[in-house]
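Asker: If you want our numbering, it's the position in the sequence shown, counting the first as 1, plus 21.
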Amino acid sequence: MVLGDSFIEGYGLDAEDRVTNFLEARTDVLLFILPANDFEDNDPQEFPAKSYRPFLRPQGEGYEVYYTVPWERRVRDERRLSTVIKNTIDNHLYLANVLRWATSEVKGGVKAGTKEQRLALNGSDYDRHSPADFRVMTYALDQLVRAAGERRVFMVTIPTENDFAAARRGETSRLVGEMTAFAARYPNVRYGDLLPDFLDDAGTSGQSFTDYLLECDNHWGKLGNKLVADRLERWFLAADDSAVVTPRSGPAHESVQSTP
């Protein structure tokens, strides 16, 4: 069973090129975490005021699911004709997306200088969370581990270009240490970070991070999916041969203990 987002869905790819298709014979639970999105997804301020979606908040000694608006006052998905026309063009006319992407890149370059300067200003997405954010996430992860029963659970963090660039600048991150400490609480949980693998492969092959992505999009392309599948298969084999998997670490990380 695989839990993840649009990266794991294989956005923009044929089914046979998705990382899940490479690993479909596995019976473990595989959970992908995208730090760039997954923490802010529990922040109501990141969404329209009347969006009807669940969030977690502290309640007593645990957490509760809540909604910011009642069902009756939710924003209904009623798309206007102009939106329907725009979506139809986006879905069928590749040139429209290319032009939109190019315009965005030019505007971004004018505002923030070169791409390297923009990446430096962005910093890593791995450490944008607060201690409270991490406690909420590990509460949710704990519920998933309990639901998995005796099956092995592999938790994997997904880096973005911001994380890749920060690592190459020698910047460190606390998230991997926090996740390592969390996974160590459970005998059936294994944790690994994909960032060192992208760094290693890029260092050997001379690829840039964008070479692993779709053109004009930040999701993995065929090369990125194949790299991730190969690395995960190695982790699985190591787990099959040993009761404990030691997560990889690299220059992008420092171990910091965190109490969920």
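Cβ atoms here follow ideal geometry from the backbone N, Cα and C, with glycine treated the same way.
Keep in mind the model is a prediction, meaning the values are calculated, not measured.
By how many angstroms is the C-alpha of Ala250 removed from the C-alpha of Asp261?
Answerer: Position 240 of the sequence shown, counted from the start, is the residue given in the question as residue 261. Position 229 of the sequence shown, counted from the start, is the residue given in the question as residue 250. Their backbone Cα atoms lie some 16 angstroms apart in a straight line.
Asker: Report the rounded CA-to-CA distance for Arg211 versus Arg156, giving the unit in angstroms.
Answerer: Numbered from 1 along the sequence shown, position 190 holds the residue referred to as residue 211. Numbered from 1 along the sequence shown, position 135 holds the residue referred to as residue 156. A straight-line Cα-Cα distance of about 19 angstroms links Arg211 and Arg156.
Asker: I need the boundaries of the beta strand (DSSP E) containing Pro56, first residue and last residue.
Answerer: Numbered from its first residue, the sequence shown carries residue 56 at position 35. Looking at the DSSP string, Pro56 is not in any beta strand (DSSP E); the run it does join, the alpha helix (DSSP H), is Pro56 to Asp59.
Asker: Alpha carbon to alpha carbon, how far is Thr231 from Arg189?
Answerer: To locate residue 231, count along the sequence shown from 1; it is residue 210. To locate residue 189, count along the sequence shown from 1; it is residue 168. Straight-line Cα distance between these residues: approximately 14 angstroms.
Asker: Could you give the distance in angstroms between the alpha-carbon of Thr159 and the alpha-carbon of Asp146?
Answerer: The count along the sequence shown starts at 1 and reaches residue 159 at position 138. The count along the sequence shown starts at 1 and reaches residue 146 at position 125. When rounded, the distance between both Cα atoms is 18 angstroms.
Asker: DSSP three-state label for Val50, please.
Answerer: As a working mapping, residue 50 is identified with position 29 in the sequence shown. Looking at Val50 - three-state DSSP - the assignment turns out to be strand.
Asker: Among the residues of its own chain, which have a CB less than 8 angstroms from the CB of Gly144, if the five just before and after it don't count?
Answerer: For the purposes of this step, residue 144 is taken as the residue at position 123 of the sequence shown. Sequence-distant Cβ neighbours of Gly144 in its own chain, meaning closer than 8 angstroms and more than five residues away, are Asn183, Ala187 and Glu192.
Asker: Report the CB separation of Phe175 from Asp49 in whole angstroms; it is logged as a contact under 8 angstroms.
Answerer: By 1-based counting over the sequence shown, the position of residue 175 is 154. By 1-based counting over the sequence shown, the position of residue 49 is 28. Indeed, because the Cβ distance is near 6 angstroms, the residues count as touching under 8 angstroms.
Asker: Using DSSP with H/G/I as helix, E/B as strand and the rest coil, what is Glu171?
Answerer: Counted from its first residue, the sequence shown places residue 171 at position 150. Three-state result, Glu171: coil.
Asker: Does DSSP put Asp261 in a helix, a strand or coil?
Answerer: Walking along the sequence shown from the start, residue 261 turns up at place 240. Helix at Asp261.
Asker: Note down, in chain order, each residue of its chain lying with its Cβ closer than 6 angstroms to the Cβ of Thr181, except the 5 sequence neighbours on either side.
Answerer: In the sequence shown, the residue the question calls residue 181 occupies position 160. Around Thr181: Ala57 and Asp146.
Asker: Hey, out of Arg252, Glu236 and Leu258, whose CA is closest to Tyr115's CA?
Answerer: Here residue 115 refers to the residue found at position 94 when the sequence shown is read from its first residue. Nearest Cα to Tyr115 within the set Arg252, Glu236 and Leu258: Glu236.
Asker: Quick check: what's the CA-CA separation for His113 versus Lys107?
Answerer: The residue labelled residue 113 in the question sits at position 92 within the sequence shown. The residue labelled residue 107 in the question sits at position 86 within the sequence shown. If you take the alpha carbons of His113 and Lys107, they lie about 10 angstroms apart.
Asker: Any chance you could list the alpha helix (DSSP H) runs of at least 4 consecutive residues sitting entirely within the stretch 109-164, in chain order?
Answerer: 115-133 and 136-143
Asker: Check whether the Cβ atoms of Gly213 and Thr178 lie closer than 9 angstroms to each other.
Answerer: As a position in the sequence shown, residue 213 is number 192, starting the count at 1. As a position in the sequence shown, residue 178 is number 157, starting the count at 1. Yes. Within cutoff.
Asker: Taking Cβ to Cβ, would you say Tyr233 is nearer than 9 angstroms to Leu220?
Answerer: Within the sequence shown, the letter at position 212 stands for residue 233. Within the sequence shown, the letter at position 199 stands for residue 220. Contact: no.
Asker: Among the residues of its own chain, which have a CB less than 7 angstroms from the CB of Lys71, if the five just before and after it don't count?
Answerer: Reading the sequence shown from its first residue, position 50 is the one you call residue 71. Cβ neighbours of Lys71 beyond the five flanking positions: Val90, Arg94, Arg95 and Val96.
Asker: Quick one, are the C-beta atoms of Leu216 and Gln228 less than 9 angstroms apart?
Answerer: Position 195 of the sequence shown holds residue 216. Position 207 of the sequence shown holds residue 228. Remark: C-beta atoms of Leu216 and Gln228 do not approach each other more closely than 9 angstroms.
Asker: In three-state terms, what does DSSP make of Gly83?
Answerer: Indexing the sequence shown from 1 puts residue 83 at position 62. Of the three classes helix, strand and coil, the one that applies to Gly83 here is strand, per DSSP.
Asker: From this set, Asn209, Ile54, Val119 and Phe68, which residue's C-alpha is nearest Ala169's C-alpha?
Answerer: Taking the sequence shown and counting its residues from 1, the one referred to as residue 169 is at position 148. Measuring from the Cα of Ala169, the nearest candidate turns out to be Asn209.
Asker: Per the DSSP calculation, Gly213 is bridged to which residue(s)?
Answerer: Within the sequence shown, numbered from 1, the residue matching residue 213 stands at position 192. Answer is Val177.
Asker: Pick out the complete beta strand (DSSP E) segments inside the stretch 175-255, 3 residues or longer, and give them in chain order.
Answerer: Within the stretch 175-255, the complete beta strand (DSSP E) runs of at least 3 residues are 210-214.
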